[in-house]
Structures are given as C-alpha cells and as structure tokens.
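Residue numbers (my numbering): 4 to 568. All C-beta atoms, glycine included, are put in the ideal place defined by N, C-alpha and C. Bear in mind the structure is a predicted one, so any value in this text is a computation, not a measurement. See structure below.
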Amino acid sequence: MLNHLWQSTVFAAAAAIVAFALRSNSAALRYRIWFAASCKFLVPFSFLIALGNRIDWRPAPAAAPYAAMLLNHVVRPFPDPETIAIAARARATEPPSRLPLLFDAIWAAGFAASLASWARQSRRARDIVRDALPAGSIDGVPVMRTRGAIEPAVIGIFHPVLLLPESIEDRLSPSQMQAVVAHELAHVRRRDNPMAAVHMLVESIFWFHPALRLIRTKLIEERERACDEAVLSRSFDPEMYAQGILAVCRFYLETPLACVSGVSGSDLKQRVQNILSNRSSRLHAGKKFLLTLATLATCAAPFVTGLLKARPEAYAFEVASVRPNPTTQDRRGLQFEHERFKATNLNLVTLIAIAYDLPLTISGRITGAPDWAEQQGYDIDARADLKGLNEKERERRMRLMLRQLLAERFQLRLRRESKDMPVYALTVAKNGPKLKAAGIEEKDCPDGPRDASSCHIVNGGVGRGMHAHAVDLDDITTFAAIWTDRPVVDRTGLKGLYQLDTEGWTDMRARPPRADGPTAEDLTVADPTRPTLFMIFDRLGLKMAPARGPVEIFTVEHVEKPSAN
C-alpha cells in the first residue's frame, strides 16, 4: 500500500505540473489530466509490472537485471508487507502488534463516514428529482421542472435528467436561457456525472489523502470551464452568457453533490473573467508530442519494469536425477562440466543460490525457506545437449535449466524483488586500472572441460589470493562477494578479459571457533600483517568502497520435497 500511495502521489504531482504547463490550452484537456490522476489511485503500477512479467523474452545479459532493479526501486521504494512479515517470523516470540488492526479500524471508520456523507447528499438530490414534474426533453435528455430554488443542473449518473427551476424563464432572457441549457447539455455529452462519481469513490477509499481534495476542486473547476468553452464555441455572446450565469447565482442555490453538474460551480469570479476574455488556445504539434510522450512513458515505466524482470527463455535438462543424500557426512560438491551438472549433498537453499548465481556465503538474499530446505542435502545428476556454445553461455543455460528443475521437482515458486541494501561498489581508482589484459577475446576462449586455464574461472580464496587466466569484472565481483559481508557490484565500466594473480587477504568475517582449536589456515587468514581485500583491489587499480544500491531478494512462496525420479 505504501508503494501504491507513493506512486499515486508522484503521479498527481506530475499531473499538476502538466496541467499548469497547459493552463493556456483547453480546460477539457486539463480535466482529463486531473481525472487520470484520480484514477491512478485505483490502478497500482504493480498491475502493469505483473503484466510485463507475463511476457517471455530474452533480456540483455547484463543490463536488463540492473535496469529492472533500478526501475523497480523507483516505482516501489518501500518493502512489501509480505517481506516484512517473513522477516518478522524470526521474532515470533514477540507479542503481535495491534497497530495494523488499529489502522484498519481507523480507515474503515473514515471510509464509512465518507460514504455516509455522499449518501446524504445523493438522497437530497433524489428527493428534488422525485418532487419535480416532467417537461419534455431537449436533445434526447429528459427535462424536469422543480419548484425549488435550485440552479439548473444535470442529475443522474446512468440516466441523466436536466433539472430546471419553474421560474427560470422569468429571470433570464431567451438568449441567456439557451446558453445555460447548452452548458448543461455539454455536461451530459462529456459524461461529467459518471466521472465525478468515480472520483467520489476514489476519495472515499483514500479519504486520508489530502491530494484527492485538491483533485476534486480542480475537476469541478476544469469541467465548468470546459462547458463554458463549449458554449462559447457555439457563437454565444460572452457578455450575455456571463450575465446569465450571474443571474442564476443571484436567484438559485448551487447543487448539493459533486456528481450533479450545475451551472454555477467553481470560482465564479475567475469563470466570468475567463468567459469575457475567451482565451483558449489549441494544443500545437509540439505540445501534443510532448504530452503523448509523457503519457506513454508513465504507462510504460512499470510495464518495462515487469518486462525486464520477465522470465528468460526456458531450458530444461534432457535427463535429470534428484535424490536425497543419505549420508550424514559434511562432504559437498558441485560440478559444471561440459554438458553435465552434478551436485553432491547440497541443500535446497544452496541450489537456489547456484541457480540464480548468488554468492553462497551472504545471508538474507533468500528468505522464507522451510527448515528442511537448509538441512537436507540432495544429489543431482543432470545432462543436456549444449554443443556449439561457449563456456559462459553453457553455464548460463545450465543455471536456467536448474531453475526449471527446481520448479518441476520441488514445486519451487519464488518472488523476486529489489531492496536498497548496503553493498560494496567496485570502481576504477584515481590513477586508473592496473589489471593485466588476458590477451584473448571471448570468442577465443577454449572449449572443453573446465580447469584453472579456462575462461571465467577464478581460483583461490581468503588466504590464497585470486588467480585467473581470463576473467571479466563480473567474474571478479562474483568471486569477491563470496568472501565479503555484503554484495559486490561492478561500477568500473571496464570490458574485456583479464589475468589475476594476487596474494591472500585477511577474512572479513569472524570464523566460528573450532572444538579442536584453530587450523593453520585459520591462523594464516587472521594474521594482522596480511593485506585486506580492500588493499588487494587497490593494488589492481580498483577501489572497493561501501555504498548502497538495489539488491535482488528472493522469497520462497511455495516449495515441496522433491518428487520421485
């Protein structure tokens, strides 16, 4: 709800700016802009995001995920209630808060009060119509005569009726009478009453939002000006028409309901000035283009967010075996071979991290998984025909196949969303990069079993350093994130393949104590004289610094223990 209110508020502010920019153009156009701002409260951008998610396409390998997260962060800056609820389950011992129930009760009371107010006014309008007498029709619109001192008005949402006071011919000249009736018929043609009823519903639902009261005022103002412009476009004399409106205001009361279109609504002084000046320019081609462009951009932004996050192309293993690992040993293994994926004693959370190319050591990126998903290990042996593809594309497709396998065998269903979180941003240092070029391009990478000389393979670790034959910045940040306490994002802009050969560094995370004492590796990585990972990157002409950025979070919405092979 917070995201929806944020989106609608920003949309209303944008509508106000556009309406102000078009203040010299037709009131009918500004009315449509304000009405769109009102309707936005009924249409969350998440609907368009979901619509974009339904379209399958092949996104650009690197730009699309970040662009999707960035757009999603702008459109939805607040965490979803489901995400908050999942995080709260860890604090199950705390007493449940009663604030949500209190807020619900306050909203319900305000909604009921708003509806009751509209109902009272609507009942008054119905009473007036009930006491009126039929008097024929004008242009197909039924006319009713009332003895009450109420102004000429169009009453009714689906079946509008033109209500005229019995004594009005005695108060207005024939020309003034024709102009006033033309004003009311313009309300009928524009369907102002149904549109006003829609806004009344919006204002009742979101009664607490101050922007909607401003929108209501602007809707009434612009609809009256639009009808005035329609009357003047029929060659009625502006001065005569203005005098007719003033006479109506002098002798009759204004209609009691926003969805009843009268003749004396809005700021009377300003209306008379506008009528007498009769200034309303047409929208020239440039403004039409900009307005169309802004409308398309507003509608397309959430749709593109969903599109960029949409499902990539579907791939599946030709043969796959999934079995619970029966041993209690801690030995685990993972192999991305030429056309084979093999996992030994890996739990489901780890398999999800592999499928979505997440670091295995950073917690908090995968939430909502049941306990067994972290406790039970599984053995997977799967094969696929991936001939003719380079090594990086084979691995990418294998990860997609693993996602499909988890969805089929574990009935896994995930929700992906972006959150603004602490990250390490890797940028080029002040004196430029000092990385050694690999001397080969992507197309020259050897095709065959993976080893230390393969492209996109980084070997080493905390105490051993980083060693690679030909890797890109994405490989480097992915490997570095394994040994850090937050995600690492590449903001260097560097392309191409590079060699790596660094010394080891101290561990960022405290290692858990061992019952039999620290190992030689534990002592090595704890040596305070060893460089930090920050220093390692400094020597490469890069800078790793704390920052904030959009990070993709995965929430398990549904999962089952795997089906039999």
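Taken through DSSP and simplified to helix, strand or coil, A112 comes out as helix. Exclusion of the five residues before and after L389 leaves E342, R397 and R400 as the residues of its chain whose Cβ lies within less than 7 Å of its Cβ. In the structure shown, Q378 falls within a helical segment according to DSSP collapsed to helix, strand and coil.
Rounded to the nearest angstrom, the Cβ distance from I171 to V164 is 15 Å, too far for a contact under 8 Å. Here H561 is bridged, per DSSP, to R416. Scanning E206, N196, E420 and E563 for the CA closest to the CA of E411 turns up E563. Checking the DSSP bridge columns, you'll see K345 partnered with Q338 and D384.
Cα atoms of S456 and V474: separation of roughly 10 Å, rounded to the nearest angstrom. For H470, DSSP records a beta bridge to N462 and D504. If you look at L222, you'll find it in the alpha helix (DSSP H) that goes P213 to L235.
Under the DSSP assignment, P168 falls in the beta strand (DSSP E) whose first and last residues are V164 to P168.
If you look at M243, you'll find it isn't in any beta strand (DSSP E); it sits in the alpha helix (DSSP H) that goes P241 to F254. In the DSSP annotation of this structure, the continuous segment of the beta strand (DSSP E) that includes I141 starts and ends at L136 to I141. DSSP places D510 outside both helix and strand once states are collapsed to three, so it counts as coil.
Spatial neighbours of L543 in its own chain (CB-CB distance under 6 Å, excluding positions within 5 residues in sequence) are listed in chain order as K437 and L438. Here A372 is buried: its Cβ has 16 or more other Cβ atoms, across all protein chains shown, within 10 Å. For the pair K345 and D374, the CB atoms are not nearer than the 9 Å cut-off. From the listed residues D477, W486 and L32, the smallest Cα separation to A233 is found for L32. Judged by their CB atoms, P362 and A484 are nearer to each other than the 9 Å cut-off. With contacts defined as CB atoms closer than 9 Å, L408 and I357 fail to qualify as a contacting pair.
Of all alpha-carbon atoms in H470, A24 and L349, the one lying nearest the alpha-carbon of E506 is that of H470. Annotated as distal: K546 and L417, with beta-carbon spacing of 9 Å or more. The three-state secondary structure of T535, taken from DSSP, is coil. Check the Cα spacing between Q502 and each of E227, V461, S117 and A432: the tightest is with V461. Contact annotation, R194 with E206: C-beta distance approximately 18 Å; criterion of less than 8 Å not satisfied.
Secondary structure note for T149: its beta strand (DSSP E) is the uninterrupted segment V144 to T149. Distances from the alpha-carbon of T495 to those of A432, T481 and F44 put A432 closest. Annotation for I278: D231, L235, P241, Y244, A245 and I248 place their beta carbon closer than 8 Å to its own, counting only its chain and skipping 5 residues before and after. Put simply, of S264, H162 and E169 the residue whose alpha carbon is nearest the alpha carbon of E187 is S264. Linking L222 to N196 through their CA atoms gives a straight-line distance of about 11 Å.
Apart from sequence neighbours up to five positions away, the residues of its chain that approach W486 with a beta-carbon distance below 6 Å are V465, ordered along the chain. The beta carbon of A39 lies closer than 7 Å to those of A18 in the same chain, with the five residues before and after it left out.
Counting only residues of its own chain and dropping the five nearest sequence neighbours on each side, V426 has a CB closer than 6 Å to the CB of R489, P490, V492, A550 and G552. Minimum Cα-Cα distance from V251 among the listed residues H162, V184, I355 and L500 corresponds to V184. The continuous alpha helix (DSSP H) containing R274 extends over residues L271 to S280.
Under a 10 Å Cβ-count criterion, Q10 is classified as buried, with 16 or more other Cβ atoms of the shown protein chains found around its own Cβ.
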